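*Asks:* First, the structure itself, so that you have it in front of you.
Protein chains: 2
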Amino acid sequence: MTIEPRRRTPQPVTLADIAREAGTSQSTASRALSGRGYVAADVRERLLAAADRLGYVPDASAQTLKQKTSRVVGVVVSDLDNPFYGGLAAGVEQTLREADYRMMLVGDNSESAEETTAVRTFLAMRTPGVILTPVGSDATSLLHRRGIPVVEVDRQIATVPCDAVVIDNVRGARVAVEHLLALGHRRIALLVVDTDWTSDVGRLAGYHDAHAVAGVPVDESLVLRIPFHDAAAESRIADLLDRGRPTAIFAANNLLAEQAWRVLRARGLTLPTDISLVGFDDVQWTEMVSPGITTVAQPTIELGRRAAALLIRRIGDPAAPTALELLQPDLVVRGSTGPAPAAS
Amino acid sequence: MTIEPRRRTPQPVTLADIAREAGTSQSTASRALSGRGYVAADVRERLLAAADRLGYVPDASAQTLKQKTSRVVGVVVSDLDNPFYGGLAAGVEQTLREADYRMMLVGDNSESAEETTAVRTFLAMRTPGVILTPVGSDATSLLHRRGIPVVEVDRQIATVPCDAVVIDNVRGARVAVEHLLALGHRRIALLVVDTDWTSDVGRLAGYHDAHAVAGVPVDESLVLRIPFHDAAAESRIADLLDRGRPTAIFAANNLLAEQAWRVLRARGLTLPTDISLVGFDDVQWTEMVSPGITTVAQPTIELGRRAAALLIRRIGDPAAPTALELLQPDLVVRGSTGPAPAAS
DNA sequence: CACGACTGTGGTGACGTTGCCACACGGCTG
DNA sequence: CAGCCGTGTGGCAACGTCACCACAGTCGTG
């Protein structure tokens, strides 16, 4: 009794199969299908036909092994479920795909260790380049040491030279706060994530800048630095309302803006008569709620597109000077901001 | 004059380097680092130390080539920028990462051709499995023929046996429409995408079911089938309002719900007194607008998690019976639905 | 007509990893 | 003490592709 071979997975067609089918050598088959080197027209025809007939798909790992580089770009974002990062990834993916690259997407949870793990995987895959919303500088250094180009998006952390695409956080925050100051607000609370990322540092700086230019002193008790994933964020915001008596709030990212908005709603406060609110990053809900939220809009998808384009350029020309693209945010004024109530 | 070698990119460390460093053979180094086969404890120590010292990273392409399979799962979604697909991808990625798989993410734009292109890439990469929100059946068939497991998420299209994770669309739509019927609505408009996907077909069926059970005849002129990416969607919805005089709208996905909501807002109609609105898929804004939108909530991230888990199981046991996971959606009642106005 | 340039083809050896095989040793059992 | 099993090790071939090389014609030109 013989055992049924049970060829569950038919093994893939290789160049050797094509060559045999068309009666040529492997070398010729390789040249015909890759388009590099001399092949007689009729022979090429025959090989292409054979490849098509057998359903040939070149083995990417063999190519990568041989060429010591792949067409798969590594991308790390903090949290795919956040629409900001989703849009970013969408932009990256589109541009990569147009240039015949693929995207390997990994989420760290804003944790440096996971970022480094992801990067190690990219190293193993002989990735031609990496795009990341950086959490720490180790990951980028590691890649740099191995000669793999990196593009940082949204924030800059690298301690080694590398390309970056960020928005002008200082200016974005300054414009937002100037808008509030112009409306007569003097007690403007700032909600900002407690990191040393350039995005948050920049927004904090913009807040101070605007005050300085206007000659309005900053009451530091109105600046609330909130750690990542702080479960108590909303209660801390509520506290600030009681303690600081701000007439306006500038929330320096979309999550903080949402939390602030919820606190205000829970308190039954009316925008903008009781208090004004400005957010950062124009996600969908800011326009749909009533009144709409005045916010600093970032070109999210474009951020991703630029990052991918920059990486592709860098892969093509490793010696090009380090580039920093500074995209300009845009203050979108809606109903959530209004004149400061007269001091009582 | 000799030419400077210019070693821009230091070539990666290989097993051979480690072996030389530790004074063993490659085979032993391989066994020590992969953990398969016999290695004396002290030798292993020495090899691990050497690997660590030299910064050894195993070459994934060489491994894939040798083992004829990789740890990179292919994932295709329609549109990463849509938070529904973003959440889905987030769930998939989390679960894959926990099981030491990676995610290769590609967007088709709901176009069958791009889906097939993506799948061909996966084939080339010797992907151990693929997860997709299917657009056509060709892609899945292609994979099936090559013996690569596929999990369909959100919709079922495959003409070959394959695992799937979907929500109970029929029931979701039925519950939504029953809710409206119970409130006294008799002219309920349905906005649905004009596809033959199970998701949309199911929601359409649920709409009819609910009517049938309640003994309410369906006015087919109230059923608006809108093609994908239809730029005129909003004006068609507005038309329907004029022509059909519905007292309630059931929008069968998050995009249509948003468009309907915009049309209603532009008209100055008040929810729920002028008209009621039910959506499908609980995205962020539905809860934040005022009044909140009654909607059929899907466990988006969970959908992704289950799909990944199912795929991992299938990779481990190719002979397991085909599985279909049917997740239950949940009607979240908010302020956008109210009693039908008395007939005038 | 000799020589080189151009076209076309096949052989061969890497790329880095893994797994099979052969071998070698010590301790155990029959 | 012969045989065998359990350890431990190194040699070697193979995965599929590509690039280099050798070679073989066919031109055209000096």
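Which chain is which? The protein sequence lines are W and P, in order. Okay, so the first sequence: first residue is 1 according to my numbering, each after it adds one. Okay, so the second sequence: first residue is 1 according to my numbering, each after it adds one. Here a beta-carbon is modelled for each residue, glycine too, at the ideal position from N, C-alpha and C. None of the values given here were measured: they were computed from a predicted structure.
Got a sec? Which residues, its chain only, sit under 6 Å from P/H144 by beta carbon, not counting five neighbours each side?
*Replies:* In the second sequence, the residue the question calls residue 144 of chain P occupies position 144. Answer for P/H144: V160, listed in chain order.
*Asks:* Under a three-way DSSP split, which group does W/T294 fall into?
*Replies:* By one-based count along the first sequence, residue 294 of chain W stands at place 294. Strand, per DSSP.
*Asks:* So for W/G107, helix, strand or coil by DSSP?
*Replies:* As a position in the first sequence, residue 107 of chain W is number 107, starting the count at 1. Strand at W/G107.
*Asks:* What residues of chain W sit near P/V106, judged by a beta carbon separation below 9 Å?
*Replies:* Taking the first residue of the second sequence as 1, we reach residue 106 of chain P at position 106. What P/V106 touches in chain W: E93, R97, R102 and M103.
*Asks:* Under a three-way DSSP split, which group does P/R236 fall into?
*Replies:* For the purposes of this step, residue 236 of chain P is taken as residue 236 along the second sequence, with counting starting at 1. Here P/R236 sits in helix by DSSP.
*Asks:* Between the Cα of W/T337 and the Cα atoms of W/V283, W/I275 and W/T300, which residue gives the shortest distance?
*Replies:* To locate residue 337 of chain W, count along the first sequence from 1; it is residue 337. Comparing Cα-Cα distances from W/T337 to each of W/V283, W/I275 and W/T300, the minimum goes to W/I275.
*Asks:* What is the DSSP secondary structure of W/D196, reduced to helix, strand or coil?
*Replies:* Here the question's residue 196 of chain W lines up with position 196 in the first sequence. If DSSP states are grouped into helix, strand and coil, W/D196 belongs with coil.
*Asks:* 7 Å is my cut-off, CB to CB: does P/A260 come that close to chain W?
*Replies:* The count along the second sequence starts at 1 and reaches residue 260 of chain P at position 260. It does not; no Cβ of chain W falls within 7 Å.
*Asks:* State the Cα-Cα distance for the pair P/S290 and W/S290, rounded to the nearest angstrom.
*Replies:* The sequence position of residue 290 of chain P within the second sequence is 290, counting from 1. The sequence position of residue 290 of chain W within the first sequence is 290, counting from 1. Distance between the alpha carbons of P/S290 and W/S290: 7 Å.
*Asks:* Taking Cβ positions only, does P/S30 come closer than 7 Å to chain W?
*Replies:* Here residue 30 of chain P refers to the residue found at position 30 of the second sequence. Chain W, which has no Cβ nearer than 7 Å to the Cβ of P/S30, makes this no.
*Asks:* In the structure shown, what three-state DSSP assignment does P/I18 receive?
*Replies:* The count along the second sequence starts at 1 and reaches residue 18 of chain P at position 18. The answer is helix: DSSP assigns P/I18 an H, G or I state.
*Asks:* What number of angstroms, rounded off, separates the C-alpha of P/R334 from the C-alpha of P/T273?
*Replies:* By 1-based counting over the second sequence, the position of residue 334 of chain P is 334. By 1-based counting over the second sequence, the position of residue 273 of chain P is 273. Computed Cα separation, rounded: 13 Å.
*Asks:* Would you mind sorting W/N368 into buried or exposed? The rule is 16 or more other CB atoms within 10 Å of its CB.
*Replies:* Coverage of chain W is limited to positions 1 through 344, which leaves residue 368 of chain W absent and any answer about it impossible.
*Asks:* Nearest by alpha-carbon distance to P/V345: which of W/Q156, W/V75, W/L47 and W/T117 is it?
*Replies:* Within the shown structure, residues of chain P are numbered from 1 to 344, placing residue 345 of chain P beyond reach of any answer.
*Asks:* Find out if the Cβ-Cβ distance for the pair W/P339, W/L222 is shorter than 7 Å.
*Replies:* Working through the first sequence from its first residue, we reach residue 339 of chain W at position 339. Working through the first sequence from its first residue, we reach residue 222 of chain W at position 222. Taking 7 Å as the Cβ cut-off, W/P339 and W/L222 do not qualify as a contacting pair.
*Asks:* Going by other Cβ atoms of all chains shown within 10 Å of its Cβ, with 16 needed for buried, is W/S344 buried or exposed?
*Replies:* Within the first sequence, the letter at position 344 stands for residue 344 of chain W. Note that W/S344 scores 48 on pLDDT, short of 50, meaning its location in the model is unreliable; the coordinates nonetheless yield the value given after this. Its Cβ having fewer than 16 others within 10 Å, W/S344 is exposed.
*Asks:* Could you give the distance in angstroms between the alpha-carbon of P/V119 and the alpha-carbon of W/E287?
*Replies:* Looking up residue 119 of chain P in the second sequence gives position 119. Looking up residue 287 of chain W in the first sequence gives position 287. C-alpha separation (whole angstroms): 37 Å.
*Asks:* Measure how close the beta-carbons of P/D163 and P/T322 come, nearest whole angstrom, since I'm counting them as under 8 Å.
*Replies:* Start at 1 with the first residue of the second sequence, and residue 163 of chain P comes out as number 163. Start at 1 with the first residue of the second sequence, and residue 322 of chain P comes out as number 322. That pair is a contact at about 6 Å.
*Asks:* Smallest Cα separation from W/D154: which of W/I131, W/S141, W/A139 and W/A176?
*Replies:* To locate residue 154 of chain W, count along the first sequence from 1; it is residue 154. Per the Cα distances, W/I131.
*Asks:* Please specify which runs of the beta strand (DSSP E), each continuous and at least 3 residues long, are wholly inside the stretch 242-289 of chain W, giving them in chain order.
*Replies:* Entirely contained in the stretch 242-289 of chain W, the beta strand (DSSP E) runs reaching 3 residues are, in chain order, 248-251 and 276-280.
*Asks:* Label P/A50 either buried or exposed according to how many other C-beta atoms from any shown protein chain fall within 10 Å of its C-beta, with 16 as the threshold for buried.
*Replies:* Within the second sequence, numbered from 1, the residue matching residue 50 of chain P stands at position 50. P/A50 is buried by the Cβ-count criterion.
*Asks:* Which same chain residues end up closer than 7 Å to P/E93 when comparing Cβ atoms and leaving out the 5 residues on each side of it in sequence?
*Replies:* Working through the second sequence from its first residue, we reach residue 93 of chain P at position 93. If we look at P/E93 and ignore the five residues flanking it on each side, its Cβ neighbours are M103.
*Asks:* So for P/V346, helix, strand or coil by DSSP?
*Replies:* The structure shown does not extend to residue 346 of chain P, since chain P is modelled only from 1 to 344, so the question has no answer here.
*Asks:* Return yes when the Cβ of W/S61 is within less than 7 Å of the Cβ of P/T64, no when it is not.
*Replies:* Mapped onto the second sequence, residue 64 of chain P falls at position 64. Mapped onto the first sequence, residue 61 of chain W falls at position 61. A contact, by the Cβ cut-off of 7 Å.
*Asks:* Which stretch, first to last residue, makes up the alpha helix (DSSP H) that contains W/I312?
*Replies:* For the purposes of this step, residue 312 of chain W is identified with residue 312 of the first sequence, where counting begins at 1. That run of the alpha helix (DSSP H) goes T300 to G316.
*Asks:* Using the Cβ count rule (16 or more neighbours within 10 Å means buried), how would you classify W/H229?
*Replies:* In the first sequence, residue 229 of chain W corresponds to position 229, counting from 1. When all chains shown are included, W/H229 counts as exposed.
*Asks:* Compute the Euclidean distance between the alpha carbons of W/I3 and W/D59, then round it to the nearest angstrom.
*Replies:* Counted from its first residue, the first sequence places residue 3 of chain W at position 3. Counted from its first residue, the first sequence places residue 59 of chain W at position 59. Bear in mind that the predicted position of W/I3 carries a pLDDT of just 31, short of 50, making it too unreliable to give a figure here.
*Asks:* Is the Cβ-Cβ distance between W/V177 and W/Y207 less than 7 Å?
*Replies:* The count along the first sequence starts at 1 and reaches residue 177 of chain W at position 177. The count along the first sequence starts at 1 and reaches residue 207 of chain W at position 207. It is a contact, given that the beta carbons lie within the stated cut-off.
*Asks:* Starting from P/E126, find everything on chain W with Cβ-Cβ shorter than 9 Å and list it in chain order.
*Replies:* As a first step, residue 126 of chain P is located in the second sequence; it is residue number 126 there, counting from the start. The amino acid occupying residue 126 of chain P in the given sequence is Arg; Glu does not appear at that position. Residues of chain W passing the Cβ test: P12, D59, A60 and S61.
*Asks:* Anyone know if the C-beta pair for P/T127 and P/R305 falls short of 7 Å?
*Replies:* Mapped onto the second sequence, residue 127 of chain P falls at position 127. Mapped onto the second sequence, residue 305 of chain P falls at position 305. No, these two residues do not count as a Cβ contact at 7 Å.
*Asks:* Considering only residues of the same chain and omitting the five flanking positions on each side of P/G172, which have a CB-CB separation below 6 Å?
*Replies:* As a position in the second sequence, residue 172 of chain P is number 172, starting the count at 1. Excluding sequence neighbours, P/G172 sits near V296 and P329.
*Asks:* Among the candidates W/I293, W/W285 and W/L256, whose CA atom is the shortest distance from the CA of W/T270?
*Replies:* Indexing the first sequence from 1 puts residue 270 of chain W at position 270. Here the closest residue by C-alpha is W/I293.
*Asks:* With C-beta atoms as the reference, is W/P227 less than 7 Å away from W/D196?
*Replies:* On the first sequence, position 227 is the one that residue 227 of chain W refers to. On the first sequence, position 196 is the one that residue 196 of chain W refers to. No, Cβ-Cβ distance for W/P227 and W/D196 is not below 7 Å.
*Asks:* Identify whether W/L142 lies in helix, strand or coil by the three-state DSSP scheme.
*Replies:* For the purposes of this step, residue 142 of chain W is taken as residue 142 along the first sequence, with counting starting at 1. Reduced to three states, the DSSP call for W/L142 is helix.
*Asks:* Strictly below 9 Å CB to CB, what residues from chain W border P/Q284?
*Replies:* Looking up residue 284 of chain P in the second sequence gives position 284. The contacting residues are P83, E258, V283, Q284 and W285.
*Asks:* Using the C-alpha atoms, what's the distance from P/I18 back to P/R6?
*Replies:* Taking the first residue of the second sequence as position 1, residue 6 of chain P is located at position 6. Taking the first residue of the second sequence as position 1, residue 18 of chain P is located at position 18. Its pLDDT being 37, under 50, P/R6 is placed unreliably in this model, and the coordinates cannot settle the point.
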